[in-house]
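In our numbering, the protein residues as written are 291 to 362.
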């Protein structure tokens, strides 16, 4: 990930940003955002077709499946 982007994000989150490359062109952002149960909200940034994409890799749907019967 571009170091300038990391620096800007780190500034915006008051130095409370962690970044880890999970696989080529996919990074996980560790931010101070948590679910009600205390689990960290998972946020990923990936580069596709020279554009940056923010996603959660379906973690929100997985958490909903704990409470609701999600029928695919």
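Quick reminder that beta carbons are idealized off the backbone N, C-alpha and C, glycines included.
Per DSSP, the bridge partner or partners of residue i
i           : result
residue 330 : 324
residue 310 : 318
residue 338 : 341
Residue i vs residue j beta-carbon contact at 8 Å
i           : j           : result
residue 337 : residue 315 : yes
residue 334 : residue 346 : yes
residue 317 : residue 291 : yes
With 16 other Cβ atoms within 10 Å as the buried cut-off, status of residue i
i           : result
residue 332 : buried
Through-space distance from residue j to residue i, alpha-carbon basis
i           : j           : result
residue 309 : residue 360 : 31 Å
residue 304 : residue 319 : 14 Å
residue 301 : residue 329 : 24 Å
residue 326 : residue 353 : 12 Å
residue 341 : residue 296 : 16 Å
residue 324 : residue 356 : 17 Å
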